[in-house]
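Residue numbers (the numbering used here), protein chains in the order written: chain A, 1 to 395; chain B, 1001 to 1315.
Only one structure is covered here, and it is reproduced in the block below.
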Amino acid sequence: MQSIDLNNRLEGRRRRLQKSMEYACKGALTITALMMLTFFLVLGYRGIGAFTQTQIEINVTSIESSTKSTINQSMYNLTEDPDRKTKKSLRQLVTPNAYSTIDITEPGTYTLVAHTDVDMYVKGVYNKLDEVQQTTVDNLIEQGKIYRTWNWDFWTGSDSRSPEIAGIWGAAVGTFYTIGLAILFAFPIGVGCATYMEEFPQRKGKGWKRYRDFMEININNLAAVPSIVYGLLGLAVLINVLGMSRSISLVGAITLGILVLPVIVISARTALRTVPQHIRDASNGLGASRLQTTIYQVLPAALPGIITGTIIAIARAIGESAPLIMIGMVAFILVAPSTPMDPATTLPVQIFLWADSPERGFAEKTSAAILVLLVALVTLNLLAIWLRKRFEIKW
Amino acid sequence: MFIWIGPKQKSSGFNEDIIKGFFRISSWITIAITFAIVASLSYETIKFFTLVEPRDFFFNTTWSPQTAFRADSVGSSGEFGFIPLIWGTMFITFLAMLIAGPIGLLSAIYTSEYLKPSQRQIVKPLLEVLAGIPTVVYGFFAAIVLGPWLRNMGVTLGLDVATESALAAGVVMGMMIIPLISSITDDVIKAVPSAMRDGARGIGATREECIKDIILPAALPGIVAGFIMAIARAIGETMIVVMAAGLAANLTANPLEAVTTVTVQIVTLLIGDQEFDSAKTLSAFALAFTLFVITFILNWIAYRNYKNAINRLKQ
Chain A
1 MQSIDLNNRL EGRRRRLQKS MEYACKGALT ITALMMLTFF LVLGYRGIGA
51 FTQTQIEINV TSIESSTKST INQSMYNLTE DPDRKTKKSL RQLVTPNAYS
101 TIDITEPGTY TLVAHTDVDM YVKGVYNKLD EVQQTTVDNL IEQGKIYRTW
151 NWDFWTGSDS RSPEIAGIWG AAVGTFYTIG LAILFAFPIG VGCATYMEEF
201 PQRKGKGWKR YRDFMEININ NLAAVPSIVY GLLGLAVLIN VLGMSRSISL
251 VGAITLGILV LPVIVISART ALRTVPQHIR DASNGLGASR LQTTIYQVLP
301 AALPGIITGT IIAIARAIGE SAPLIMIGMV AFILVAPSTP MDPATTLPVQ
351 IFLWADSPER GFAEKTSAAI LVLLVALVTL NLLAIWLRKR FEIKW
Chain B
1001 MFIWIGPKQK SSGFNEDIIK GFFRISSWIT IAITFAIVAS LSYETIKFFT
1051 LVEPRDFFFN TTWSPQTAFR ADSVGSSGEF GFIPLIWGTM FITFLAMLIA
1101 GPIGLLSAIY TSEYLKPSQR QIVKPLLEVL AGIPTVVYGF FAAIVLGPWL
1151 RNMGVTLGLD VATESALAAG VVMGMMIIPL ISSITDDVIK AVPSAMRDGA
1201 RGIGATREEC IKDIILPAAL PGIVAGFIMA IARAIGETMI VVMAAGLAAN
1251 LTANPLEAVT TVTVQIVTLL IGDQEFDSAK TLSAFALAFT LFVITFILNW
1301 IAYRNYKNAI NRLKQ
């Protein structure tokens, strides 16, 4: 028996259509995949350096009047009787931050963070060192006194004017306060609103239907309002009218809470709608009130869907930066905020600030901070997908 | 002990009313938010229009909000022409749609019509994850990677490319909305009843003919709605253009030059401290209100079309 391959029997035009459409579709998906791959590769390539830090080992022989002059003196000792210009070059090999963070009281060997220019030279990004600095650094590398280690400052530090010690901890704490409070505020209201819309159609008639239609348009419109408009809302109402102070996490939290509220409402409504009617009927039939039915039967059944939607809302809020810039959370935060009433910034805003910085050493910090943010968001999204798969109830 | 039982009898008492009241108030809060947005934006906008003629705002072609320090010097009032800003916004949105439209549509056709369910289960979540990437990341990519790269390429080709060209912002914004378009389109295509698909295949149409002649026409209203949603999203997008598009208001159709957008100007006007009585600050609210109205109309049209399309397909 001869097998019939329909695809090879197609003539001219039909065959061309078949081939071209298949290739076009495959091509489109490949382009999307390639774009995203370049995106991640470029970010990874640029950011990976920020996870290591260049450090200099110095030999302190004499204690001077201040830590600064002690460090400077031991830097001068690297060459034999340096002139003024050489001294200046040598001084600039360590981060200016070392003067205030390290306490040197007795002679010995100390490890200091290298200046960003040295850091970039060692990592091979760019070379801004002068001749004296370059020979000194090369010598020190040979002696094993300049080396790269894991960059703890990137994880534990806050923003700084010196890229070599700038870190994301301050921004991470700010993100935690802002997003935590935002969800604390948006979750109950969002679920309450969804429940009211789905479970309590008390009144029949035109007025109620109109109210429902209005709510429907209202929620869907709120979900699609550009995020920057929420920033202006926060600025005009919270800061200008209510007189809250700028830059604090609380204002950011309320703004972001308003922003994610419609997302939570929509996902909660979808989750409530998937709960079949017979559950409600059975509960009502046993004599439960409508509220008892809702609280003991419908909401628990819909909870996995609601939680999934909330996690996606959290991910959305974490990535949001435009409204926070509007309410002044672009402050230069040197110390991590300790309460939600302190000036704070969040990770995406920190990325925005670093990306704008003229200091070239911040370029790799920016990419690294983006990598951290992306890993956090992808984890959250995957968690949501997993939750949906794991706890989804098939009715 | 006797309890009166009747239709008015409540099964539980006081607490029930409190919780119900909470639900009701929650739903009022969402309405209050909409009103707060409209009220606060329109209040500042009206204040702005007492300082600047609405005609100047909507029809002037110059945008230079910088007010001089001395009241009597030249250009002390600033010029608030809205045209170049909305042009820049539309232009970047157009470039983005040029990229995202075809790619998003074709990938949606592929995920919904070609992939096996098991493969679909992997690809769909991946696209969802892509849709969750923060826009500041795309902005960084446009400003730090693509912008300089396009500029260097322009130099080798002998073209004059601005570092903050409309092209870089448009391309990256296109990347951002591909997942949005493809996920909406995919949903619409999936809503096309399989009876239509089977009927077409049954009378001898190939898969591609079935897609071209049956599925796409049936899904078209929904796809158009998805495109409109994507356009609304691109118009309101802020971080990409703040980081990658320029500040100077140019009326140009050359994608290699810098243009500015409505959202860029809002951010530029409001960053830092501001006093709420100058036309410069208030103009940001006028811009935001216009933006709000535009996106509201677009979304309303899209949402109605989308719902009608899905309902019609499901019947």
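Ideal placement from N, C-alpha and C gives every residue a C-beta, glycine not left out.
Please tell me whether A/N218 has its Cβ less than 8 Å away from any Cβ of chain B.
yes
Beta-carbon spacing of B/L1180, B/L1167 below 8 Å
no
I want to verify the contact list: residues of chain A whose CB lies under 7 Å from the CB of B/R1024, in sequence order.
Y196
Note the first and the last residue of the continuous beta strand (DSSP E) segment covering A/V113.
108 to 113
Below 8 Å on the Cβ atoms is my guess for B/A1244 versus B/G1139; work out the distance and round it to an integer in Å.
6 Å
Short of 6 Å in beta carbon distance, which residues of its chain neighbour B/K1314, apart from the five on each side in sequence? Order them along the chain.
none
A/A376 and A/I295 - do their beta-carbons sit closer together than 8 Å?
no
Which two residues bound the contiguous alpha helix (DSSP H) that contains A/E198?
169 to 199
Is the segment 254 to 271 of chain A touching the segment 307 to 314 of chain A in the sense that three or more CB pairs, one from each, lie closer than 8 Å?
yes
Does B/A1296 get closer than 8 Å to chain A when you measure Cβ to Cβ?
Residue identity check: residue 1296 of chain B is Phe in the sequence provided, not Ala. Closer than 8 Å: yes.
What does DSSP give as the partner residues of A/I58 in its beta bridges?
A/Y110
Helix, strand or coil for B/T1050 per DSSP?
helix
Thinking C-alpha only, which one of A/R14, A/L37, A/E80, A/T116 is nearest A/A50?
A/T116
Would DSSP call A/V298 helix, strand or coil?
helix
Contact list for A/A236 against chain B, beta-carbon separation under 8 Å
S1040, L1041, Y1043, E1044, F1285
List the endpoints of the continuous beta strand (DSSP E) containing A/Y76.
That residue, A/Y76, is in no beta strand (DSSP E); its alpha helix (DSSP H) goes 67 to 76.
Return the CA-CA distance between B/E1209 and B/G1199, expressed in angstroms with no decimal places.
12 Å
Give the straight-line distance between the Cα atoms of A/T366 and B/W1028, rounded to the nearest whole angstrom.
41 Å
Work out the CA separation of B/F1091 and B/N1305 for me, nearest whole Å.
25 Å
What does the Cβ neighbour count give for A/P226, buried or exposed, with the cut at 16 atoms within 10 Å?
buried
Is the segment 174 to 182 of chain A close to the segment 329 to 342 of chain A, with three or more CB pairs under 8 Å?
yes
Quick test of the definition: if touching needs 3 or more C-beta pairs under 8 Å, does the segment 1209 to 1219 of chain B touch the segment 1156 to 1164 of chain B?
no
I need the straight-line Cα distance from B/I1297 to B/G1088, nearest angstrom please.
20 Å
When B/N1152, B/M1153, B/S1165, B/R1055 are compared against B/L1256, the one with the closest alpha-carbon:
B/S1165
Can you tell me whether A/Q53 is helix, strand or coil according to DSSP?
strand
Determine whether the Cβ of B/E1164 lies closer than 8 Å to any Cβ atom of chain A.
no
For the alpha helix (DSSP H) that contains B/R1151, what are its first and last residues?
1147 to 1157
Identify, in the order they occur along the chain, each residue of the same chain with its Cβ nearer than 6 Å to the Cβ of A/G305, setting aside the five sequence neighbours on each side.
A271
Could you tell me whether the Cβ of B/F1082 comes closer than 8 Å to any Cβ of chain A?
no
The alpha helix (DSSP H) spanning B/T1093 covers which residue range?
1083 to 1109
CA-CA distance, A/Q242 and B/S1278?
Looking at the sequence provided, one finds Leu at residue 242 of chain A rather than Gln. Cα-Cα distance, rounded: 20 Å.
Going by the CB atoms, is the gap between B/L1041 and A/L382 shorter than 8 Å?
no
Residue-chain proximity (B/G1236, chain D), Cβ-Cβ < 8 Å:
Here chain D cannot be found, since the structure's protein chains are A and B.
List the residues that DSSP assigns as beta-bridge partners of B/F1122.
Here the sequence assigns Ile to residue 1122 of chain B, which means Phe is not the residue at that position. B/I1122 pairs with nothing; no bridge assigned.
Beta-carbon contacts of B/I1083 that lie in its chain and below 6 Å, excluding the five residues immediately before and after:
T1061
Proximity to A/D398 [Cα-Cα], best of A/V298, A/G170, A/T274:
Lying before the first or after the last residue shown, residue 398 of chain A is absent from chain A, which here runs from 1 to 395.
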